[in-house]
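Asks: Please find one structure pasted underneath; my questions will follow.
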Amino acid sequence: MFTGIVEELGEVVGMTPTAEDSTLVAVRGPLVTSDARHGDSIAVNGVCLTVVDVDGGVFTADVMGETLRRSALGALRTGDRVNLERAAALGSRLGGHLVQGHVDGVGEVLSREPAARWETVRFRLPAGLSRYVVEKGSITVDGVSLTVTEVGDDWFAVGLIPTTLSATTLGTRSVGDPVNLEVDVLGKYVERLLGARAADGAEVPA
Numbered sequence: 001m002f003t004g005i006v007e008e009l010g011e012v013v014g015m016t017p018t019a020e021d022s023t024l025v026a027v028r029g030p031l032v033t034s035d036a037r038h039g040d041s042i043a044v045n046g047v048c049l050t051v052v053d054v055d056g057g058v059f060t061a062d063v064m065g066e067t068l069r070r071s072a073l074g075a076l077r078t079g080d081r082v083n084l085e086r087a088a089a090l091g092s093r094l095g096g097h098l099v100q101g102h103v104d105g106v107g108e109v110l111s112r113e114p115a116a117r118w119e120t121v122r123f124r125l126p127a128g129l130s131r132y133v134v135e136k137g138s139i140t141v142d143g144v145s146l147t148v149t150e151v152g153d154d155w156f157a158v159g160l161i162p163t164t165l166s167a168t169t170l171g172t173r174s175v176g177d178p179v180n181l182e183v184d185v186l187g188k189y190v191e192r193l194l195g196a197r198a199a200d201g202a203e204v205p206a
């Protein structure tokens, strides 16, 4: 489990395809590797990856082909910067919101509108995800916990403050770039529970 608060901007230093439809991804991140061990979880652009090896300030993760195809990690290249976050520790502050590190879909940067103190960025929403996105609700974009400022049938917008622009990859994303999206898991649980009640014939609140 993660919080969507990026700890460090890392750098992809290697992408090595294997014979088993997977890729060994090597990422430099001195902070997140400072206490990392084999089997630990680190979120890379919002995707929960399992640490295979740590060598100095670089960790390696084995990424399945399914993950590469269903997330924006498949577009990574050596030299790319990535958002990194270690798994949350029990008792630590929850600065963002509950993030699983499981990508629900790949969105796309639609527009950027700079202002004096922040920047409004609009993203395309994949079909089927808009029902989980609400104004003033939470969403994770490339591992960054954000508050939705506007939402439409197939898009949503957020406001990025200077800290987010400088400390995460969202400050350099261009129009057309793909991004990993994870909607608030609480919305999915509520939908599941209400659907089960309706199937059982129980009255569902309007």
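Numbering (UniProt numbering), first residue to last: 1 to 206. Cβ atoms here follow ideal geometry from the backbone N, Cα and C, with glycine treated the same way.
1. Which residue's Cα is closest to the Cα of R37: V47, R28, D53, G46?
2. For the candidate residues L194, G176, A19, G46, whose alpha-carbon lies nearest to that of G96?
3. Give me whichever residues DSSP pairs with D142 in a beta bridge.
4. I want to see whether chain B comes within less than 8 Å of V54, judged by CB atoms only; does it?
5. Sort out for me which residues DSSP pairs L84 with in a bridge.
6. If I'm right that S145 touches I5 with Cβ under 8 Å, what's the distance once you round it to whole angstroms?
7. Grab me the residues of A206's own chain with a C-beta within less than 8 Å of its C-beta, minus the 5 sequence neighbours each way, in chain order.
8. Any contact of the segment 104-113 with the segment 76-93, i.e. 3+ C-beta pairs under 8 Å?
9. So for V158, helix, strand or coil by DSSP?
10. Once DSSP output is grouped into helix, strand and coil, what is the label at P30?
11. Which residues mark the beginning and the end of the beta strand (DSSP E) in which T120 is found?
12. To the nearest angstrom, how far is it from the Cα of G79 to the Cα of V179?
13. Taking Cβ positions, are V121 and A157 nearer each other than 8 Å?
14. In or out: R173 buried (at least 16 other Cβ within 10 Å) or exposed?
15. To the nearest angstrom, how far is the alpha carbon of T168 from that of R131?
16. According to DSSP, V179 sits in a beta bridge with which residue or residues?
17. Any idea which residues DSSP pairs D53 with across the strands?
18. Taking V151 as the reference, which of V134, T164, L160 has the closest Cα?
19. Please classify I42 as buried or exposed, where buried requires at least 16 neighbouring CB atoms within 10 angstroms.
20. Where does R173 fall in DSSP's three states?
21. Return the residue from the list L68, R77, D154, L84 that minimises the CA-CA distance to G29.
Replies: According to the data block:
1. R37 has its Cα closest to that of D53, out of V47, R28, D53, G46.
2. Nearest option by C-alpha distance: G46.
3. Paired residue(s): none; D142 is not in a bridge.
4. In the displayed structure, chain B is absent; only one protein chain is listed.
5. Paired residue(s): E8, V44.
6. So it is a contact: roughly 6 Å between Cβ atoms.
7. Reliability fails at A206, whose pLDDT of 49 lies under 50, so the model's placement of it is uncertain and no value is given.
8. Segments in contact, no.
9. DSSP, read as helix, strand or coil, puts V158 in strand.
10. Three-state result, P30: coil.
11. Start and end: 119-124.
12. Each residue's Cα considered, the two are about 17 Å apart.
13. Yes. Within cutoff.
14. Counting every other CB atom within 10 Å of its CB across the protein chains shown gives R173 a total of 16 or more, marking it as buried.
15. Between T168 and R131, the C-alpha separation is close to 27 Å.
16. Per DSSP, the beta bridge partners of V179 are G107.
17. In DSSP, D53 forms a bridge with T60.
18. It is V134.
19. Classification of I42: buried, given that the 10 Å Cβ count is 16 or more.
20. In the structure shown, R173 sits in coil (DSSP, three-state: anything other than H, G, I, E or B).
21. Looking at the Cα atoms, L84 is the closest of the given residues.
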